[in-house]
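Asker:
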Amino acid sequence: MMNYPLTLAQILEHAHRIHGDKQVTTLLPDGTLHRYNYTTLYERVKRLANAITQFGIQCGDRVATYASNTYQHLELYYAIPCIGAVLHPLNIRLSTEQLAQIVHEAEDKLIFVDSEFREPFRALQNKTACKQAIYFDPTSMDDDVPYERVLSEATPIPTWDIQDENWAMGLCYTSGTQGEPRGVLYTHRSMFLHTLAANQADVFGLTEADVVLPIVPMFHAMAWGLPYASMFAGADMVLPGTKPLCIAKLIAETGVTVAAGVPTVWAQVYSELYKRRKDIPRLRRLIVGGEAMPLSLIEAYEKELGVEICHAWGMTEMSPTGTFSKLRGAHRGLSDAEKWRIKAKQGRPIPGVELRLAAETSNGFTELPWDGETVGELQVRSPWTANRYYKVEPTAEHFTTDKWLRTGDMATIDADGYMQIVDRAKALIRSGGESISSVALEAVLLKHPCVHEVAVVGIPDEKWGERPFAAVVLAEQTNENISDILRQQLASEFPKFWIPDQFVFVDEIPKTSVGKSDKRAILRMFGPTTSG
Ligand code: ADP
43 MMNYPLTLAQ
53 ILEHAHRIHG
63 DKQVTTLLPD
73 GTLHRYNYTT
83 LYERVKRLAN
93 AITQFGIQCG
103 DRVATYASNT
113 YQHLELYYAI
123 PCIGAVLHPL
133 NIRLSTEQLA
143 QIVHEAEDKL
153 IFVDSEFREP
163 FRALQNKTAC
173 KQAIYFDPTS
183 MDDDVPYERV
193 LSEATPIPTW
203 DIQDENWAMG
213 LCYTSGTQGE
223 PRGVLYTHRS
233 MFLHTLAANQ
243 ADVFGLTEAD
253 VVLPIVPMFH
263 AMAWGLPYAS
273 MFAGADMVLP
283 GTKPLCIAKL
293 IAETGVTVAA
303 GVPTVWAQVY
313 SELYKRRKDI
323 PRLRRLIVGG
333 EAMPLSLIEA
343 YEKELGVEIC
353 HAWGMTEMSP
363 TGTFSKLRGA
373 HRGLSDAEKW
383 RIKAKQGRPI
393 PGVELRLAAE
403 TSNGFTELPW
413 DGETVGELQV
423 RSPWTANRYY
433 KVEPTAEHFT
443 TDKWLRTGDM
453 ATIDADGYMQ
463 IVDRAKALIR
473 SGGESISSVA
483 LEAVLLKHPC
493 VHEVAVVGIP
503 DEKWGERPFA
513 AVVLAEQTNE
523 NISDILRQQL
533 ASEFPKFWIP
543 DQFVFVDEIP
553 KTSVGKSDKR
563 AILRMFGPTT
573 SG
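Add 42 to a position in the sequence shown, counting from 1, and you land on the number used in our numbering.
1. Could you pull the start and end residues of the alpha helix (DSSP H) that Ile471 belongs to?
2. Between Gly247 and Tyr228, which are expected to be in contact by the criterion C-beta below 8 Å, what is the C-beta distance as a whole number of angstroms?
3. Assign Asp378 to one of two classes, buried (16 or more other C-beta atoms within 10 Å of its C-beta) or exposed (fewer than that).
4. Roughly how many whole angstroms lie between the Cα atoms of Ile176 and Asp186?
5. Give a single yes or no on whether Ser217 has its beta carbon closer than 7 Å to a heavy atom of the ligand ADP.
6. What do you reckon, is the C-beta of Ala334 under 7 Å from a heavy atom of the ligand ADP?
7. Going by DSSP, what residue range makes up the beta strand (DSSP E) through Leu83?
8. Please report how far the alpha carbon of Asp456 lies from the alpha carbon of Lys561, in whole angstroms.
9. Please check the pair Ala210 and Gly62, which I expect to be a contact at CB under 8 Å, by giving their CB distance rounded to whole angstroms.
10. Would you mind sorting Met44 into buried or exposed? The rule is 16 or more other CB atoms within 10 Å of its CB.
11. Of all the CB atoms in chain B, is at least one closer than 8 Å to the CB of Ala121?
12. Pick out whichever of Tyr316, Gly225 and Pro436 has its Cα sitting closest to the Cα of Thr358.
13. Please determine whether the Cβ atom of Met260 lies at a distance below 7 Å from any heavy atom of the ligand GTP.
14. Cutting at 8 Å between CB atoms, please list the residues of its own chain near Leu90, excluding the five before and the five after it.
15. What are the partner residues of Met360, as DSSP defines its beta bridges?
16. Who are the near neighbours of Trp382 in its chain, counting only those whose CB is closer than 6 Å to its CB and skipping five residues on each side?
17. Which residues does DSSP pair with Ser477 in a beta bridge?
18. Taking the C-alpha atoms as reference points, what is the distance between Tyr84 and Ile322?
19. Secondary structure at Phe366, three-state DSSP: helix, strand or coil?
20. Gly283 and Asn111: beta carbons closer than 8 Å?
21. Just verifying my parser: in three-state terms, what is the DSSP assignment at Glu522?
22. His353: beta carbon under 7 Å from a heavy atom of the ligand ADP?
23. Can the beta-carbon of Leu369 be found less than 8 Å from the beta-carbon of Ile384?
24. Could you check the C-alpha separation between Ser232 and Ala401 for me, to the nearest Å?
25. So for Gly574, helix, strand or coil by DSSP?
26. By how many angstroms is the C-alpha of Thr82 removed from the C-alpha of Arg59?
27. Helix, strand or coil, according to DSSP, for Tyr432 in the structure here?
28. Just the Cα atoms here: how many angstroms apart are Lys64 and Tyr189?
29. Any chance the CB of Gln96 is under 7 Å from a heavy atom of the ligand ADP?
30. Whole angstroms is fine: what's the gap from Thr299's alpha carbon to Tyr215's?
31. Any contact between the region 537-554 and the region 508-524? By contact I mean 3 or more CB pairs, one from each, below 8 Å.
32. From Glu484 to Ala469, what distance separates their C-alpha atoms?
33. With a threshold of 7 Å (Cβ to nearest heavy atom), would Lys558 be considered close to the ligand ADP?
34. When you measure from the CB of Gln388 to every non-hydrogen atom of the ligand ADP, does any distance come out below 7 Å?
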């Protein structure tokens with residue numbers, strides 16, 4: 043067989059040759075839509091690639107982006123890796139100090155900046171050694187290098203020269219939900235294979251007829267691979283830009299068929315989508331991940347809006363897709379309630395990914411059964427899973443001696459292979475020597491109509507080690523003793539010691555840089571040092 047290299051240049055060339063007329067639509071900051079097709083994107087990428095080399099960028103150099111989901115960012119998703127350099131999307135929502143540390147570690151040589159973020163970027167630039175920046179906005183300041191000028195002055199690169207599919211193509215940092223962000227380096231081969239796997243019919247299942255809206259930011263876990271998967275499939279893409287205030291309007295206007303984002307986004311836009319439900323007949327599927335999608339929200343979308351919810355689990359370390367939750371043919375006869383219960387699980391490993399449940403013993407790990415009940419540490423391996431963190435030697439904390447990734451998640455797997463996250467190992471509440479799942483408590487609390495949002499954390503406790511504590515956002519104010527009502531709701535499903543000692547009612551749950559519940563912030567707010 044031919045030794046055909048698996049590189050992103052093949053995806054770009056295919057999209058151009060076979061799907062040149064397909065559209066990329068971007069919501070601009072002024073609310074208008076920018077539109078062009080893959081042929082135009084391709085021509086711009088070829089010029090951009092040459093321009094980047096003229097800034098002295100060579101094979102293996104890191105080139106950062108400080109941008110949201112826009113057509114320029116999509117162009118960079120191809121131009122940077124296709125000249126052999128490494129695309130490094132910076133998470134614009136991290137603190138300046140964290141980003142300065144990340145840019146320093148990555149040794150970024152050049153940064154592309156969405157002009158909407160000029161001010162925070164300047165603060166960052168003052169703290170980094172990387173002084174070369176190119177700004178997207180054509181109306182740039184005097185000292186800015188404008189993207190469009192760079193592009194118009196460049197000639198198209200004649201050929202792509204990626205000599206080895208194992209060359210690095212991208213560098214992403216974890217979002218830092220549980221500690222400092224860690225870097226993960228992807229190769230052309232790993233991203234190409236992830237693209238093929240993600241696009242299978244029983245996974246994202248994107249087709250040429252789809253219009254795909256990644257709300258997941260392009261700086262979070264490579265936008266779940268959608269910029270590559272969508273273009274390889276020949277789907278149209280819709281990019282929500284910097285301020286996607288009215289997602290329902292964007293979905294309606296552009297005929298989006300598949301959209302992807304964290305559960306928080308879908309909880310926020312539900313009522314807006316419900317109001318416009320007649321305008322969104324084409325919306326067929328939401329891909330949801332990053333955090334557990336509550337069953338009640340899955341039910342609302344499927345029952346009231348007729349939109350299929352596909353729950354996905356993954357990690358920055360896995361490019362990021364690991365499992366995908368779709369029903370099996372054998373589930374056809376189940377009731378809706380039974381179907382939603384299965385869909386609330388994180389799903390089955392996508393082809394190419396291996397999962398195992400493990401328990402630590404004195405001399406390594408033993409494998410645990412797939413019975414849907416036994417909880418163990420989730421370990422994974424695949425051609426698109428990292429075997430180390432960037433610039434850090436692999437340690438036993440993250441990798442086993444037989445080279446599986448320790449995900450840091452505790453889970454069950456049932457006999458059909460459906461994995462369900464019980465909690466992150468570090469978030470599991472240890473009370474009197476027993477484990478309490480914050481995820482399970484949150485899921486039951488969310489079933490109560492008065493509860494809009496909830497986060498359960500373990501608060502240090504002298505007697506028990508930790509005790510559960512619930513921060514709740516109410517859907518509406520009520521005169522009833524809601525803490526007692528919620529306690530009763532939990533008592534019907536969990537042992538007594540699981541029931542939180544305290545319920546605190548808040549206006550909002552703090553969120554991480556990518557929209558997940560920020561449990562570390564909740565602990566800081568309500569932990570023993572501040573609450574006294
Ligand atoms: P961070 O660890 O900083 O949040 P990632 O965004 O890569 O960085 O997060 C990966 C983690 O997110 C997983 O290990 C898991 O704990 C959580 N996660 C991802 N998808 C889901 C999901 N569908 N349900 C529950 N947890 C999820």
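No residue lacks a Cβ here, since even glycine has one placed at the ideal position from N, Cα and C.
Because the structure is a prediction, the values reported are computed rather than measured.
Answerer: Answer, in terms of the structure:
1. Along the sequence shown, one-based indexing puts residue 471 at 429. Run containing Ile471: none in the alpha helix (DSSP H); it sits in the beta strand (DSSP E), Ile471 to Ser473.
2. Sequence index remark: in the sequence shown, residue 247 carries index 205 (1-based). Sequence index remark: in the sequence shown, residue 228 carries index 186 (1-based). Not really, about 23 Å apart at Cβ, beyond 8 Å.
3. Within the sequence shown, residue 378 is the residue found at index 336, counting from 1. Asp378 should be labelled exposed.
4. Counting from 1 along the sequence shown, the entry for residue 176 is found at position 134. Counting from 1 along the sequence shown, the entry for residue 186 is found at position 144. Near 7 Å, if we compare the C-alpha coordinates of Asp186 and Ile176.
5. As a position in the sequence shown, residue 217 is number 175, starting the count at 1. It does: the Cβ of Ser217 is within 7 Å (strictly closer) of some heavy atom of the ligand ADP.
6. To locate residue 334, count along the sequence shown from 1; it is residue 292. Yes - the ligand ADP has a heavy atom lying nearer than 7 Å to the Cβ of Ala334.
7. Working through the sequence shown from its first residue, we reach residue 83 at position 41. It is not in any beta strand (DSSP E) - Leu83 instead sits in the alpha helix (DSSP H) that spans Tyr80 to Gln96.
8. For the purposes of this step, residue 456 is taken as residue 414 along the sequence shown, with counting starting at 1. For the purposes of this step, residue 561 is taken as residue 519 along the sequence shown, with counting starting at 1. Asp456 and Lys561: Cα-Cα distance of roughly 28 Å.
9. By one-based count along the sequence shown, residue 210 stands at place 168. By one-based count along the sequence shown, residue 62 stands at place 20. Not quite, the Cβ-Cβ distance comes to about 29 Å (not below 8 Å), so this is no contact.
10. If you number the sequence shown from 1, residue 44 lands on position 2. Its Cβ having fewer than 16 others within 10 Å, Met44 is exposed.
11. Although the question refers to chain B, the structure presented lacks it and comprises just one protein chain.
12. By 1-based counting over the sequence shown, the position of residue 358 is 316. Minimum Cα distance to Thr358 is reached at Gly225.
13. Annotation note on the ligand GTP: not contained in the displayed structure, which lists the ligand ADP as its ligands.
14. Residue 90 sits at position 48 when you count from the first residue of the sequence shown. Hits under 8 Å: Glu117, Leu118, Ala121, Val192, Leu193 and Ala196.
15. Sequence index remark: in the sequence shown, residue 360 carries index 318 (1-based). None, per the DSSP bridge assignment.
16. The residue given as residue 382 occupies position 340 in the sequence shown. Counting only Cβ-Cβ distances below 6 Å, and skipping sequence neighbours, we find Leu337, Ile340 and Glu341.
17. Reading the sequence shown from its first residue, position 435 is the one you call residue 477. Bridge partners of Ser477: Arg472.
18. Against the sequence shown, residue 84 aligns to sequence position 42. Against the sequence shown, residue 322 aligns to sequence position 280. Approximately 30 Å between the Cα atoms of the pair.
19. Counted from its first residue, the sequence shown places residue 366 at position 324. DSSP places Phe366 in strand when its eight states are reduced to three.
20. Walking along the sequence shown from the start, residue 283 turns up at place 241. Walking along the sequence shown from the start, residue 111 turns up at place 69. Result yes, Cβ atoms of Gly283 and Asn111 sit closer than 8 Å.
21. Sequence index remark: in the sequence shown, residue 522 carries index 480 (1-based). Three-state result, Glu522: coil.
22. Taking the sequence shown and counting its residues from 1, one reaches residue 353 at position 311. Correct: His353 has its Cβ closer than 7 Å to the ligand ADP.
23. By 1-based counting over the sequence shown, the position of residue 369 is 327. By 1-based counting over the sequence shown, the position of residue 384 is 342. Contact: yes.
24. In the sequence shown, counting from the first residue as 1, residue 232 sits at position 190. In the sequence shown, counting from the first residue as 1, residue 401 sits at position 359. If you take the alpha carbons of Ser232 and Ala401, they lie about 29 Å apart.
25. On the sequence shown, position 532 is the one that residue 574 refers to. The predicted position of Gly574 is uncertain, since its pLDDT is 35 and thus under 50; no value can be drawn from it.
26. Position 17 of the sequence shown, counting from 1, holds the residue named residue 59. Position 40 of the sequence shown, counting from 1, holds the residue named residue 82. Their Cα atoms are separated by approximately 12 Å.
27. In the sequence shown, the residue the question calls residue 432 occupies position 390. Tyr432: coil per DSSP, three-state reduction.
28. Here residue 64 is taken as the residue at index 22 of the sequence shown, counted from 1. Here residue 189 is taken as the residue at index 147 of the sequence shown, counted from 1. Those two C-alpha atoms are separated by around 23 Å.
29. Position 54 of the sequence shown, counting from 1, holds the residue named residue 96. It does not: the Cβ of Gln96 is nowhere closer than 7 Å to a heavy atom of the ligand ADP.
30. The residue you call residue 299 lines up with position 257 of the sequence shown. The residue you call residue 215 lines up with position 173 of the sequence shown. Going from the Cα of Thr299 to the Cα of Tyr215 covers about 29 Å.
31. yes
32. To locate residue 484, count along the sequence shown from 1; it is residue 442. To locate residue 469, count along the sequence shown from 1; it is residue 427. Near 13 Å, if we compare the C-alpha coordinates of Ala469 and Glu484.
33. Translated into positions along the sequence shown, residue 558 becomes position 516. Correct: Lys558 has its Cβ closer than 7 Å to the ligand ADP.
34. Translated into positions along the sequence shown, residue 388 becomes position 346. Yes, Cβ of Gln388 sits closer than 7 Å to a heavy atom of the ligand ADP.
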